[in-house]
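Residue numbers (our numbering): 141 to 314.
So the structure is just underneath, and the comments pick up after that.
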């Protein structure tokens with residue numbers, strides 16, 4: 141057992157040194173010099189304000205949930221610095237196009253055996269000074285299957301996955 145640990149350590153240390161030497165870092169972690177994570181947003185536009193969440197649905201909880209998740213996820217990844225609108229260099233607007241729940245599988249008596257929740261959203265970042273669109277996610281949809289009695293859990297998983305996906309899209313630089 142000790143031999144296995146020693147061998148694993150001898151292989152792991154050179155691998156970590158090689159990855160660090162080529163500049164590799166995990167998404168959302170600060171660089172060695174303390175700078176932010178990779179992002180499609182230029183550094184001068186990373187002082188952001190979340191100006192609005194347009195929610196035409198009857199689901200009032202979605203707006204507060206998305207606001208909270210976006211702030212937490214962007215902070216965790218060090219993508220932006222949240223600030224008040226007057227000091228912001230970029231503005232984030234979220235538009236919920238659609239939220240739905242439907243039966244995916246029905247039993248013999250037409251009772252729901254499995255359900256689906258779905259959301260379609262767009263995220264748009266504009267320059268605060270002139271309103272120029274800097275980044276637009278386009279329509280993004282997320283779905284989640286769930287069993288009766290787990291609708292709240294499905295809503296939480298659905299919105300969490302959506303926000304993580306938006307942050308992923310904002311960090312793709314190819």
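All residues carry an ideal CB built from backbone N, CA and C; glycine is no exception.
Query, Result
"Per-residue DSSP class, three states only, for residue 118", "Absent from the model: residue 118. The displayed extent of the chain is 141 to 314, so no value can be given."
"Contact set for residue 295: own chain, Cβ-Cβ below 7 Å, skip 5 residues either direction", "257"
"Where residue 306 falls, given that 16 or more other Cβ within 10 Å makes a residue buried", "buried"
"Helix, strand or coil at residue 171 according to DSSP, with G and I counted as helix", "Residue confidence is low: residue 171 scores 46 on pLDDT, short of 50, so the model does not pin down where it sits. Its coordinate-derived value is still stated next. If DSSP states are grouped into helix, strand and coil, residue 171 belongs with coil."
"Short Cβ contact (8 Å threshold) for residue 228 with residue 268", "yes"
"C-beta contact flag for residue 197 and residue 234 at 8 Å", "no"
"Exposure of residue 220, with buried meaning 16 or more beta-carbon neighbours within 10 Å", "buried"
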